[in-house]
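>
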Amino acid sequence: MIIATWNVNSVKQRLGHLQKFLTETRPDVLCLQEIKCVDEAFPRLEVEDLGYNVAVHGQKGFNGVAILSRLPLADVTPRLPGNEEDVQSRYLEAVISLPGGKSVRVASIYLPNGNPIGTEKFTYKLAWMDRLRNHAAELLALEEPTILGGDYNVIPEFKDVSDPEAWANDALLQPESRAAYRRLLGLGYTDALRACDDRGGLYTFWDYQAGAWQKNKGIRIDHLLLSPQAADRLKEVEIHKRMRALDKPSDHVPVSVTLDLPTD
DNA sequence: ATGACCTAACTTTTAGGA
Numbered sequence: 013m014i015i016a017t018w019n020v021n022s023v024k025q026r027l028g029h030l031q032k033f034l035t036e037t038r039p040d041v042l043c044l045q046e047i048k049c050v051d052e053a054f055p056r057l058e059v060e061d062l063g064y065n066v067a068v069h070g071q072k073g074f075n076g077v078a079i080l081s082r083l084p085l086a087d088v089t090p091r092l093p094g095n096e097e098d099v100q101s102r103y104l105e106a107v108i109s110l111p112g113g114k115s116v117r118v119a120s121i122y123l124p125n126g127n128p129i130g131t132e133k134f135t136y137k138l139a140w141m142d143r144l145r146n147h148a149a150e151l152l153a154l155e156e157p158t159i160l161g162g163d164y165n166v167i168p169e170f171k172d173v174s175d176p177e178a179w180a181n182d183a184l185l186q187p188e189s190r191a192a193y194r195r196l197l198g199l200g201y202t203d204a205l206r207a208c209d210d211r212g213g214l215y216t217f218w219d220y221q222a223g224a225w226q227k228n229k230g231i232r233i234d235h236l237l238l239s240p241q242a243a244d245r246l247k248e249v250e251i252h253k254r255m256r257a258l259d260k261p262s263d264h265v266p267v268s269v270t271l272d273l274p275t276d
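Quick note on my numbering: the first sequence kicks off at 13 and runs consecutively.
Right, here's the structure in full:
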C-alpha cells in the first residue's frame, strides 16, 4: 500500500501535474494540502476518472486539504479538535477500508507557517501544534495503523536545511517549532523518511525565488508520521523530486511511503 | 556580485506563503 502527501500550491493550477503523479505512481492514498479552493471548485470528476474517491475540506483563496483514495473512504472528519473558532481548513481525517475488514486511518495536515516570528501567527502555529499533539495522542490509543501526512512547516533538524543561516529567523526552524515536532515523535510516532534514511540533504521544498531549485537550496518540511502499527509495516519511503523539475511546478514535491498492507 | 517567485482575489495592488 502506497500512501503519499503533497502540497500542490493550488490544485486548479496543478491539475496536470496531479494527474501525472496519480497515473505514474498510482498511490493508494494521496493527502493534498494548499488546494486553495472551495469544495465545489475541486476538480473532482477529473480525479474520480483516474479511479479515486475524493474527500475535500476546502477554503476560499488559500489553505484547504483533501484526501484521495482508490479504496473506500469512511468516517471523513474535517477540522482539528480543540478550537471551535478556528476556521482555517488545515486538517482532514478519514478511515480507509482495506480488504479483509482491516483499515488504516489517514490525516492530511497543513500546519500553519507561523511567520513572522514574534507575532500572533507564530503563537497560532504553536497552539495548533499543541492541538495536533493532543489529537495525535488520542489516535495512538486506538492502536491502529495511522498515517499523519502533510506539510508540517517544520524543519526537524539542521541536516534538513541546506542553508541554516538563511532560515535562522524563520518560524520553520525555531527551537519551539522543532521541539513541538519532536514531542509528536515522543508520543510514539515514527518520521517515515528518517526511519529509512539518516542522510542529510533530503529536501521536499525549494523556494521559487533566487534559483533555490537550481542551487538545491531546499528544506525538508513535508512528513509522514506513522503510528507503531503502521511503522511495523514500513517498507520504503520516496521523495518524488522529479515533480519539482516540471514546467510550472509546485514548490513542494510529493513524499510517499510503502506499507506492507494488502490492497487487493 | 546581484537579484531573482507564485497564487488568489471584491485584481492593476495586496495578502499569504516559506
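Just so you know, even glycine gets a beta-carbon here, dropped at the ideal spot from N, CA and C.
#1: Flag this pair as yes or no: are the beta carbons of Val59 and Leu30 separated by less than 9 Å?
#2: What is the DSSP secondary structure of Pro128, counted as helix, strand or coil?
#3: Does DSSP put Pro187 in a helix, a strand or coil?
#4: Does the separation of the CB atoms of Tyr122 and Ser109 fall below 9 Å?
#5: Going by DSSP in three states, Gln71 sits in which element: helix, strand or coil?
#6: Taking C-beta to C-beta, are Val244 and His264 nearer than 9 Å?
#7: Give the straight-line distance between the Cα atoms of Thr202 and Pro240, rounded to the nearest whole angstrom.
#8: Are the beta-carbon atoms of Leu199 and Leu152 separated by less than 9 Å?
#9: For the ligand GTP, I want to know if Asp244 counts as a neighbour, meaning its beta carbon is within less than 8 Å of at least one of the ligand's heavy atoms.
#10: Identify the continuous alpha helix (DSSP H) that holds Thr216 and give its terminal residues.
#11: Output needed for His147: all residues of its chain with C-beta closer than 8 Å, excluding positions within five of it in sequence on either side, in chain order.
#12: If you run the structure through DSSP and keep just helix, strand and coil, what is Pro240?
#13: Tell me the DSSP bridge mates of Trp18?
Taking the geometry as given:
#1: A contact, by the Cβ cut-off of 9 Å.
#2: The answer is coil: DSSP assigns Pro128 none of H, G, I, E or B.
#3: Helix, per DSSP.
#4: Taking the C-beta atoms as reference points, Ser109 is found no nearer than 9 Å to Tyr122.
#5: Gln71 falls in the coil class under three-state DSSP.
#6: Residue 244 is actually Asp in this sequence, not Val. Taking 9 Å as the Cβ cut-off, Asp244 and His264 do not qualify as a contacting pair.
#7: Roughly 7 Å separates the two Cα atoms.
#8: The answer is yes: Cβ separation under 9 Å.
#9: Of the ligands one can find in the structure shown there are none, so the ligand GTP has no counterpart to examine.
#10: First-last for Thr216: undefined, no H or E at that position.
#11: Leu92, Pro93, Gly94, listed in sequence order.
#12: In the three-state reduction of the DSSP assignment, Pro240 falls in the helix class.
#13: Note: Trp18 sits in a beta bridge opposite Leu44.
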